[in-house]
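To start, the structure itself, in structure tokens.
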Amino acid sequence: MDKRTTAAAVAAELRDGMTLGIGGWGSRRKPMALVREILRSPVKDLTVVSYGGPDVGWLCAPGEVRKRVYGFVSLDSSPLAPRFRRARETGAIEAVEFDEGMFQLGLYAASIRLPFLPTRAGLGSDVPRLNPQLKTVRSPYDDGEELVAMPALPLDVAIVHQNRADARGNAQYLGPDLYFDDLFLGAAKRRFVSCEQIVETRDFAKFGSLHTLRIHRGLVDGVVEAPGGAHFTECPPDYGRDEAFQREYAAAAKGEDAWAAFRERFLALASEDAYQEAVRAWRGAK
Amino acid sequence: MAGGEVSAAVATRAEVCAVAVAECFRGDGEVLASCFGTVPAIGARLARLTFEPDLMMTDGIASLVADVVPVSGEGAKIPPIAEGWLPFRSVFDLLWSGRRHVIMIASQIDRHGNHNFACIGPHAKPRAQLLGMRGAPGNTVSHPTSYWVPNHSPKVFVEQVDVVSGVGYDRAAAAGPSAARFHEIRRVVSNLGVFDFAPPERRMRLVSVHPGVSVDDVRAASGFELAVAADVAETRAPSAEELRLIREVLDPEGLREREVPS
């Protein structure tokens, strides 16, 4: 089966109010080309589930995101994500906050069709106070331990970015960490992978060992070839983080006028090609 | 260790803090030492180079590193030798197994050791969004935790934290045996002194003041009434060898002095 598709077709899968999972971690291998396409689409009131970075910051534009489920939102080299910070401080979005590990268990539970997984994480902290729907569960064994029952976090749509993929949806990561991309895909009804390059299946072995093939085609409904599709987050070994551009974003994100200008220049564009061209022009002008 | 203690006049405050952080790891053995902040990063490396040679460390990405990577200077640019692969998923497994001691930065901390770096003000609409919960809830009920406060003030040492991200002793006890079973707040190191949570009270207790700091200075900079040990010591000064390691090996560019100006 040929699962090649376009970013626009992926964005068109989203309906108002859906829950969207985004792979990667902080400012690392985020499916930014797909995020940019979602910003171009009319969809609104999304619930976004993410180990957040600029994906969340950009989607925090008024109306786009209603609710965020997260363990953190960071740009890594700058620990606080500015647009997210502003959205929180103005009360523009609702935050559902878990411990990072609880969050992994919620995705894992959804991906293996369990209603919850038990964990110690969360006990005693304000996570239960902030999430009154959380319940505890008692071990049926002699230890009798009472643990947090982390509920499954099912997703309507998941998007992740990988280094290579084939047309059938098998995907390969070549960097140091898969993060939780497989769990995002496993937890979702509709699953999409963008990648730096679509290759022949036989060529995966030229790029990396068997261990780099962690996403199989049974987890994927569509593949989008998007070179530079993680920009400005890192996508090693294809490219590192564009720290200069990230600084430009972080500076612009602090004021409403500067943010409007940034949006105008880089995000309110007709296509991913136009975005990449705008970034090249910005780099040339520096 | 070669060399005796160096006088306080020689070591900077940041260097005294680094040694105090190193002391937090004494006796830990073969566990992952995770650190946030420059002084804690220096302190953990110092412990490993001296009295805790089995500590494990990461490169902050996905590798366990075999060598001790400096925090500044030419040595910081040399790719470290990987001794293992530790992607985020394995970090969770490792921390839930208890083989870790983390030093986190506290934006707020109370007398019971409840910690906040999530946000300041009400969670629904915070005055300042900070890091979020990150891994603090799970860390604190799974393995030993210490805290680093580079700027000791009543805004950090507060009567009550706005949001509990890291669990303190009173909250762990109230949440039941599963929360308390592996809970331990080893120590708090600030730019003014060192604190523990000695039983039976498990209240934050001043155990040593850094050279040049008085007990009254610490009291005045704290927003709650501190317990004070009967015999408050002066935080030990670095030995000549420790000072050499800090200055020549671990942080030749002096990043520590930016975090804790003397």
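Quick note, the sequences are listed as chains A and B, same order.
Reading the first sequence from the start, the letters are residues 3 to 288 in our numbering.
Reading the second sequence from the start, the letters are residues 214 to 475 in our numbering.
Even for Gly, the Cβ is constructed at its ideal location relative to N, Cα and C.
- Task: Could you list which residues in chain B have their beta carbon closer than 9 Å to that of Lys-117(A), in chain order?
- Result: Here residue 117(A) corresponds to residue number 115 of the first sequence, with the count starting at 1. Per the sequence shown, residue 117(A) should be read as Pro rather than Lys. Those do not exist, as Pro-117(A) stays about 20 Å from chain B at its closest Cβ, beyond 9 Å.
- Item | Among Val-278(B), Val-282(B), Pro-367(B), Val-441(B), nearest to Glu-177(B) - alpha-carbon criterion | This structure cannot settle anything about residue 177(B), because the visible part of chain B is limited to 214 through 475.
- Assign Asp-179(A) to one of three DSSP states: helix, strand, or coil. Against the first sequence, residue 179(A) aligns to sequence position 177. Secondary structure at Asp-179(A): coil, using DSSP grouped into helix, strand and coil.
- Just to confirm, are Asp-183(A) and Met-20(A) a CB contact at a threshold of 8 Å? Counting from 1 along the first sequence, the entry for residue 183(A) is found at position 181. Counting from 1 along the first sequence, the entry for residue 20(A) is found at position 18. Pairing Asp-183(A) with Met-20(A) gives a Cβ-Cβ distance that is not under 8 Å.
- Message: Does His-365(B) pass the burial test, meaning 16 or more other C-beta atoms within 10 Å, or should it be called exposed?
- Response: Your numbering for residue 365(B) matches position 152 in the second sequence. Residue environment for His-365(B): buried (at least 16 other C-beta atoms within 10 angstroms of its C-beta).
- Under the rule that 16 or more other beta-carbon atoms within 10 Å means buried, what is Lys-5(A), buried or exposed? The residue given as residue 5(A) occupies position 3 in the first sequence. It counts as buried.
- Message: Just to confirm before moving on: does the CB-CB distance between Val-282(B) and Thr-251(B) stay below 8 Å?
- Response: The count along the second sequence starts at 1 and reaches residue 282(B) at position 69. The count along the second sequence starts at 1 and reaches residue 251(B) at position 38. Contact: no.
- Item | Ser-79(A), buried or exposed, once every other Cβ within 10 Å from all chains shown has been counted against 16 | The count along the first sequence starts at 1 and reaches residue 79(A) at position 77. So Ser-79(A) counts as exposed.
- With 16 as the cutoff for other CB atoms within 10 Å, does Glu-266(A) come out buried or exposed? Start at 1 with the first residue of the first sequence, and residue 266(A) comes out as number 264. Classification for Glu-266(A): exposed.
- Item | Contacts around Asp-383(B), its chain only, beta-carbon distance under 8 Å, and the 5 residues preceding and following it disregarded | Your numbering for residue 383(B) matches position 170 in the second sequence. Excluding residues within five positions, the ones whose Cβ falls inside 8 Å are His-325, Asn-327, Arg-415.
- Item | Per-residue burial, Val-253(B) [other beta carbons within 10 Å of its own, 16 or more giving buried] | Locating residue 253(B) in the second sequence gives position 40, where the first residue counts as 1. Note on residue identity: the sequence assigns Pro, not Val, to residue 253(B). Residue burial annotation: Pro-253(B) is buried, with at least 16 other C-beta atoms found within 10 angstroms of its C-beta.
- Message: Pop quiz: Lys-32(A) and Thr-49(A) are said to be a contact at Cβ under 8 Å. What is the actual Cβ separation, rounded to whole angstroms?
- Response: One-based indexing of the first sequence puts residue 32(A) at position 30. One-based indexing of the first sequence puts residue 49(A) at position 47. 18 Å between Cβ atoms; not a contact.
- Query: Under a CB-based cut-off of 8 Å, is Gln-373(B) close to chain A?
  - Reply: Numbered from its first residue, the second sequence carries residue 373(B) at position 160. No, because no Cβ of chain A sits closer than 8 Å to the Cβ of Gln-373(B).
- Query: Using a C-beta to C-beta distance shorter than 8 Å, which residues of chain A count as neighbours of Lys-338(B)?
  - Reply: Start at 1 with the first residue of the second sequence, and residue 338(B) comes out as number 125. Think of a sphere of 8 Å around the beta carbon of Lys-338(B): the chain A residues whose beta carbon falls inside it are Arg-90, Glu-91, Thr-92, Gly-93, in chain order.
- Just tell me which of Ser-196(A), Glu-245(A), Ser-43(A) has its CA closest to the CA of Asp-18(A). Reading the first sequence from its first residue, position 16 is the one you call residue 18(A). Cα-wise, what sits closest to Asp-18(A) is Ser-43(A).
- Leu-107(A) to Asn-133(A), Cα distance in whole Å? In the first sequence, the residue the question calls residue 107(A) occupies position 105. In the first sequence, the residue the question calls residue 133(A) occupies position 131. Rounded to the nearest angstrom, the two C-alpha atoms are 16 Å apart.
- Message: Beta-carbon within less than 8 Å of Ser-127(A)'s beta-carbon, same chain only, minus the 5 sequence neighbours each way: which residues are those?
- Response: As a working mapping, residue 127(A) is identified with position 125 in the first sequence. Cβ neighbours of Ser-127(A) beyond the five flanking positions: Asp-101.
- Message: Is it buried or exposed, Ala-411(B), if we count other Cβ atoms within 10 angstroms and call 16 or more buried?
- Response: The sequence position of residue 411(B) within the second sequence is 198, counting from 1. Classified as exposed, Ala-411(B) has fewer than 16 neighbouring CB atoms from the shown chains inside 10 Å of its CB.
- Query: So which of Lys-46(A), Gly-231(A), Ala-10(A), Thr-121(A) has the shortest CA-CA distance to Gly-348(B)?
  - Reply: Taking the second sequence and counting its residues from 1, the one referred to as residue 348(B) is at position 135. Of the listed residues, the one whose Cα sits closest to Gly-348(B) is Thr-121(A).
- Message: Could you check whether the Cβ of Pro-253(B) sits closer than 8 Å to any Cβ belonging to chain A?
- Response: As a working mapping, residue 253(B) is identified with position 40 in the second sequence. No, Pro-253(B) does not count as interfacial toward chain A.
- Item | Simplified DSSP state of Val-159(A), which is helix, strand or coil | As a first step, residue 159(A) is located in the first sequence; it is residue number 157 there, counting from the start. In the three-state reduction of the DSSP assignment, Val-159(A) falls in the strand class.
- Task: Label Asp-223(A) either buried or exposed according to how many other C-beta atoms from any shown protein chain fall within 10 Å of its C-beta, with 16 as the threshold for buried.
- Result: Against the first sequence, residue 223(A) aligns to sequence position 221. When all chains shown are included, Asp-223(A) counts as buried.
- Item | Other residues of its chain near Asp-169(A): CB distance less than 8 Å, five sequence neighbours each side excluded | In the first sequence, the residue the question calls residue 169(A) occupies position 167. At residue 169(A) the sequence reads Ala, which differs from the Asp that was named. Around Ala-169(A): Asp-4, Lys-5, Arg-6, Ile-200, Val-225.
- Task: Use the C-beta contact count for Glu-397(B): other C-beta atoms within 10 angstroms, 16 or more gives buried, fewer gives exposed.
- Result: Working through the second sequence from its first residue, we reach residue 397(B) at position 184. That one is buried.
- Would you mind reading off the limits of the beta strand (DSSP E) that contains Lys-191(A)? For the purposes of this step, residue 191(A) is identified with residue 189 of the first sequence, where counting begins at 1. Note, Lys-191(A): beta strand (DSSP E), 190-200.
- Skipping 5 residues on each side, what residues in its chain have a beta carbon closer than 6 Å to that of Ala-263(A)? Numbered from 1 along the first sequence, position 261 holds the residue referred to as residue 263(A). Within the same chain, no residue comes within 6 Å of Ala-263(A) by CB-CB distance, once the 5 residues on both sides are set aside.
- Message: I'd like the span of the beta strand (DSSP E) that includes Val-315(B), first residue to last.
- Response: In the second sequence, residue 315(B) corresponds to position 102, counting from 1. That run of the beta strand (DSSP E) goes 313-318.
- Cβ-based neighbour list, Leu-289(A), same chain, cut-off 6 Å, excluding 5 preceding and 5 following: As shown, chain A starts at 3 and ends at 288. That puts residue 289(A) outside it, with no answer to give.
- Query: Hey, would you say Tyr-241(A) sits closer than 8 Å to Gly-25(A), going by beta carbons?
  - Reply: For the purposes of this step, residue 241(A) is identified with residue 239 of the first sequence, where counting begins at 1. For the purposes of this step, residue 25(A) is identified with residue 23 of the first sequence, where counting begins at 1. Against a cut-off of 8 Å, the Cβ pair of Gly-25(A) and Tyr-241(A) comes out as no contact.
- In this structure, does DSSP put Pro-378(B) in helix, strand or coil? Within the second sequence, residue 378(B) is the residue found at index 165, counting from 1. It should be noted that the sequence gives Ser, not Pro, for residue 378(B). Shown here, Ser-378(B) sits in coil according to DSSP, grouped into three states, outside any helix or strand.
- Query: So which residues on chain B does Gly-23(A) lean against when the C-beta distance must stay under 8 Å?
  - Reply: Within the first sequence, residue 23(A) is the residue found at index 21, counting from 1. Chain B residues near Gly-23(A): none, gap ~16 Å exceeds 8 Å.
- Is there contact between the segment 297-304 of chain B and the segment 192-209 of chain A, where contact requires at least three CB pairs shorter than 8 Å? With a cut-off of 8 Å, the segment 192-209 of chain A and the segment 297-304 of chain B do not count as touching, because too few Cβ pairs lie within range.
- Query: Cα separation between Pro-153(A) and Phe-74(A)?
  - Reply: Taking the first residue of the first sequence as 1, we reach residue 153(A) at position 151. Taking the first residue of the first sequence as 1, we reach residue 74(A) at position 72. Taking the CA atoms as reference points, Pro-153(A) sits about 18 Å from Phe-74(A).
- Taking Ser-378(B) and Pro-350(B) to be in contact with their CB atoms under 8 Å, please state how far apart those CB atoms are, rounded to whole angstroms. Here residue 378(B) refers to the residue found at position 165 when the second sequence is read from its first residue. Here residue 350(B) refers to the residue found at position 137 when the second sequence is read from its first residue. In this structure Ser-378(B) is in contact with Pro-350(B), their Cβ atoms being roughly 6 Å apart against a cut-off of 8 Å.
- Query: Alpha carbon to alpha carbon, what distance is there between Glu-148(A) and Pro-142(A)?
  - Reply: By one-based count along the first sequence, residue 142(A) stands at place 140. By one-based count along the first sequence, residue 148(A) stands at place 146. Each residue's Cα considered, the two are about 10 Å apart.
- Message: Can you pull the chain A neighbours of Pro-350(B), defined as C-beta to C-beta under 7 Å?
- Response: Indexing the second sequence from 1 puts residue 350(B) at position 137. Asp-101, Ala-123, Gly-124, Ser-127, Val-129, listed in chain order.
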